[in-house]
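Peer 1: My questions will all concern the structure given below.
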Amino acid sequence: MALEHAILVSLLEQPGSGYELARRFERSIGYFWTATHQQIYRVLGRMEGDGRLDVREVPQRARPDKKEYTVTAVGRAALAGWLHEPIQPDTVRHELAVKIRGAAFDDPAALIREVERHHQAHADRLTHYLAGESRDFTGPDAAAAPGPGRELQHVVLRGGIAYERMQLAWLEDVLATLHGLAAP
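First residue of the sequence shown? That's 732 in the working numbering, and the numbers climb one at a time after it.
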């Protein structure tokens, strides 16, 4: 997937400035597709230049005007074309898994702190996902306007929640194995 497709999806969900788009990548889309602010701004300029995005200047008080991007018909067509193309199933490149296998040739107990660090990172991400789900989809203050866009956002979030739970269960298994190998 190209960054352009992630940007088109995000801007179709809600038009915005480059800064706002970068914030969305940090908060939500970034868990599935990452990009730096510089990459986002560079791609926005290219997409505007090739007609996939329109931009308008939005005056702001006591701050410079901002550029707000929206998707054009050309951009929608590009996204639709990509949505209809087959993609390869994801492949797994998992550096930690290789380290775990490699620990057979060193001290397996030396990986315990690293695996614990990964476990904490996944636990933190799961907490973040669950809070977002409660805030945006299931909690008392969640917006009540259902629709295909919201349902699809929620199903992606549920996939992220399931993935983090799976990672936590696997890391707990790894930790139990490492502790068992480290026991005298």
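Ideal Cβ placement from N, Cα and C applies to all residues, glycine included.
#1: Kindly list the residues whose CB is nearer than 6 Å to the CB of Thr813, restricted to its own chain and excluding five residues on each side of it in sequence; keep chain order.
#2: Taking Tyr762 as part of the beta strand (DSSP E), name the residues at either end of that continuous run.
#3: Leu752: buried (16+ other C-beta within 10 angstroms of its C-beta) or exposed?
#4: Have a look at Pro879, Arg794 and Ala793 and flag the residue whose alpha-carbon is nearest the alpha-carbon of Glu744.
#5: Just tell me which of Ala854, Arg755 and Leu912 has its CA closest to the CA of Glu895.
#6: Pro746 to His815, Cα distance in whole Å?
#7: Relative to the C-alpha of Asp781, which candidate in Trp764, Ala809 and Glu788 has its C-alpha closest?
#8: If you drop the 5 nearest sequence neighbours on each side, which residues of the same chain put their C-beta closer than 8 Å to that of Ile843?
#9: What residues in its chain sit with their C-beta under 8 Å from that of Leu734, if we drop five residues either side in the sequence?
#10: Does Thr869 come out as helix, strand or coil in the three-state DSSP assignment?
#11: Is the number of C-beta pairs between the segment 816-832 and the segment 853-867 that are closer than 8 Å three or more?
#12: Name the residue from Ile738, His850, Arg783 and Arg792 whose alpha carbon lies nearest to the alpha carbon of Ala900.
#13: Spatial neighbours of Val846 within its chain, please: C-beta separation below 8 Å, excluding the five flanking residues on both sides.
#14: Do Arg777 and Gly806 have their beta-carbon atoms positioned less than 8 Å apart in this structure?
#15: Among residues of its own chain, excluding the 5 on either side of Arg787, which ones have a beta-carbon nearer than 7 Å to its beta-carbon?
#16: Quick one: give me the first and last residue of the beta strand (DSSP E) that Asp785 is part of.
#17: At which residues does the alpha helix (DSSP H) containing Glu826 begin and terminate?
#18: Checking 8 Å against the spacing of the C-beta atoms, do Val789 and Leu739 come in under that value?
#19: Please classify Glu735: does DSSP put it in a helix, a strand, or coil?
#20: Whose C-alpha, out of Pro915, Glu864, Arg794 and Phe756, is nearest the C-alpha of Gly890?
Peer 2: According to the structure data:
#1: Indexing the sequence shown from 1 puts residue 813 at position 82. For the record, residue 813 in the displayed sequence is Trp; it is not Thr. Only His736 meet the Cβ criterion.
#2: Mapped onto the sequence shown, residue 762 falls at position 31. Per DSSP, Tyr762 belongs to no beta strand (DSSP E) and is neither H nor E.
#3: Along the sequence shown, read from residue 1 onward, the residue named residue 752 stands at position 21. Leu752 should be labelled buried.
#4: The sequence position of residue 744 within the sequence shown is 13, counting from 1. The option with the nearest alpha carbon to Glu744 is Pro879.
#5: For the purposes of this step, residue 895 is taken as the residue at position 164 of the sequence shown. Looking at the Cα atoms, Ala854 is the closest of the given residues.
#6: By 1-based counting over the sequence shown, the position of residue 746 is 15. By 1-based counting over the sequence shown, the position of residue 815 is 84. Rounded to the nearest angstrom, the two C-alpha atoms are 23 Å apart.
#7: Working through the sequence shown from its first residue, we reach residue 781 at position 50. When each option's Cα is compared against that of Asp781, the closest is Ala809.
#8: On the sequence shown, residue 843 is found 112 positions in, with the first residue counted as 1. Result list for Ile843: Leu906, Leu909, His910 and Ala913, in chain order.
#9: Your numbering for residue 734 matches position 3 in the sequence shown. So the qualifying residues of the chain are Trp764, Ala766, Gln770, Ile771 and Val774.
#10: Translated into positions along the sequence shown, residue 869 becomes position 138. It is helical.
#11: no
#12: For the purposes of this step, residue 900 is taken as residue 169 along the sequence shown, with counting starting at 1. Answer by Cα proximity: His850.
#13: Counting from one through the sequence shown, the residue named residue 846 turns up at place 115. Once the five neighbours on either side are set aside, the close Cβ partners of Val846 are Leu827, Ile831, Leu902, Val905, Leu906 and Leu909.
#14: For the purposes of this step, residue 806 is taken as the residue at position 75 of the sequence shown. For the purposes of this step, residue 777 is taken as the residue at position 46 of the sequence shown. Taking 8 Å as the Cβ cut-off, Gly806 and Arg777 do not qualify as a contacting pair.
#15: Taking the sequence shown and counting its residues from 1, the one referred to as residue 787 is at position 56. Excluding sequence neighbours, Arg787 sits near Glu799.
#16: Taking the first residue of the sequence shown as 1, we reach residue 785 at position 54. Leu784 to Val789 is the extent of the beta strand (DSSP E) around Asp785.
#17: For the purposes of this step, residue 826 is taken as the residue at position 95 of the sequence shown. Segment Glu826 to Gly833, the alpha helix (DSSP H) holding Glu826.
#18: In the sequence shown, counting from the first residue as 1, residue 789 sits at position 58. In the sequence shown, counting from the first residue as 1, residue 739 sits at position 8. In this structure, Leu739 does not lie closer than 8 Å to Val789 by Cβ.
#19: For the purposes of this step, residue 735 is taken as the residue at position 4 of the sequence shown. Glu735 falls in the helix class under three-state DSSP.
#20: For this step, residue 890 is matched to residue 159 along the sequence shown. With distances taken between Cα atoms, Gly890 lies closest to Glu864.
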